[in-house]
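Q:
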Amino acid sequence: MSKFSNERTASLVPYTPGEQPKKNQKYIKLNTNESPFAPSPRAQKMAADAAARLNLYCDPTCRELTELFAEKNGVEPECVLMTNGSDEILNFAFMAFCGEGRPAVFPDITYGFYPVFAELNGVPYETVPLREDFSINVEDYIGINKNIFIANPNAPTGLALPLSDIERIVASNPDNIVVIDEAYVDFGAESAVQLTKRYKNLIVTQTFSKSRSLAGARLGAGIADAALIADMNTVKYSTNPYNVNSMTQAAGIGSLLDEDYTRKNLDVIKSAREYTAKELSALGFTLTNSSANFIFAAHPDIDGEKLYFELKARGILVRHFSGERIKNYNRITVGLPKDMQTLVKTICEILESIK
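Counting the sequence shown from 1 gives a position; the numbering used here is that position plus 1016.
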């Protein structure tokens, strides 16, 4: 830390991204919830074509992408804001709607960027403990009159709330925003997008990183009442008007036009998730009922961190968290069926070696 760092920056505890192997390192990569599939053929072609125009600024309104995304989601274009990954729309929400006298609330075990965004923007915040089974107690959020951030499905647990519970939370806090982070919604949860037509305090965020295989492109979106989108656009145009580059906009359009490709990939991932969950359960693991593209698992005979290192030594990366309540768990991204078969086989060998 330099002597020039201000007090807020000096005190930040930044988000820690999942490990990205170097080019000469060969791993089965099951640690950052990326898709095991390449971007769709049309997404690749349209992004490549857009490279020829990189001498020009990108469209700051993302007009074509916004209109197509809005059409696919059954909302008006003015109710959509495209961003540089869903992290950016989340940050915009903290910046636009939270602050002194407008605190934020989110679960104690959830996406690690929420407390970072709160601290970065000087937002007071509270965390609400999950139940012992890692589920959200909806009653904890009813009528609390604070800005609420909930990942649905939650990360790293993969547990999802039904839409009826989401609506209860939103309806009971009419004077505060409720942000539902749907990064993993395509893998088994019910989207709250249509509720944005009825509730002016609801913001739904989504990403192209997971189900649409565009993690490296950095593309996200916010869906909300037009007035909320206008507020966040003010933040956008006050920080980085050209936030989504031309190639990413083109890749996003191509992805939306290749819907069948995405659906087929989702079916493969869901099937591989069910296979892996069944096999790990048979090996004695405790698992949450994940609706995401990952599995959250712990074994009574081996410490979570030890299992993480044993797998890494054998060429498989998973994600381990050091939080007290979840330190015996690992979050395992669902990859290709052959990768999940290798994972199960390797875990069998590890468990056999510690007997």
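We put the beta carbon where it would ideally sit given N, CA and C, even for glycine.
When the Cα of residue 1249 is compared with those of 1345, 1078 and 1086, which residue comes out closest?
A: Among 1345, 1078 and 1086, the Cα nearest to that of residue 1249 belongs to 1078.
Q: Grouping DSSP H, G and I as helix and E and B as strand, with all else coil, what is residue 1350?
A: coil
Q: Ordered along the chain, which non-local residues of its own chain (more than five positions away) have a Cβ less than 7 Å from that of residue 1127?
A: Closer than 7 Å at Cβ, skipping near neighbours: 1167, 1171 and 1197.
Q: Taking the C-alpha atoms as reference points, what is the distance between residue 1047 and residue 1312?
A: 11 Å
Q: So the beta strand (DSSP E) residue 1097 belongs to, where does it begin and stop?
A: 1096-1099
Q: Would you kindly work out how many angstroms separate the C-alpha atoms of residue 1000 and residue 1309, rounded to a whole number?
A: Since the displayed the chain opens at 1017 and closes at 1371, residue 1000 lies outside it and no answer follows.
Q: Quick check on residue 1294: does DSSP put it in helix, strand or coil?
A: Of the three classes helix, strand and coil, the one that applies to residue 1294 here is helix, per DSSP.
Q: So, with DSSP's three-state summary, where would you put residue 1302?
A: Strand.
Q: Whole angstroms are fine: how far does the CA of residue 1307 sit from the CA of residue 1137?
A: 31 Å
Q: Compute the Euclidean distance between the alpha carbons of residue 1058 and residue 1204, then round it to the nearest angstrom.
A: So the alpha carbons of these two residues sit roughly 25 Å apart.
Q: Taking its Cβ as the centre, do 16 or more other Cβ atoms sit within 10 Å of residue 1173, making it buried, or is it exposed?
A: buried
Q: Would you decide whether residue 1159 is buried or exposed? Buried here means 16 or more other CB atoms lie within 10 Å of its CB.
A: exposed
Q: For residue 1116, name the three-state secondary structure that DSSP assigns.
A: Correct three-state label for residue 1116: coil.
Q: DSSP beta-bridge partners for residue 1223?
A: 1236
Q: Give the straight-line distance between the Cα atoms of residue 1062 and residue 1282, rounded to the nearest whole angstrom.
A: 22 Å
Q: As an exercise, report each continuous alpha helix (DSSP H) stretch of at least 4 residues that is fully enclosed by the region 1039-1066, in chain order.
A: The alpha helix (DSSP H) runs of length 4 or more contained entirely in the region 1039-1066 are, from start to end of the chain, 1057-1066.
Q: Just how far apart, CA to CA, sit residue 1252 and residue 1104?
A: 9 Å
Q: Going by the DSSP bridge assignment, what does residue 983 pair with across the sheet?
A: Nothing can be reported for residue 983: it is not among the residues displayed for the chain, which extend from 1017 to 1371.
Q: Inspect the CB distances between the region 1338-1351 and the region 1286-1305 and report whether three or more fall short of 8 Å.
A: yes
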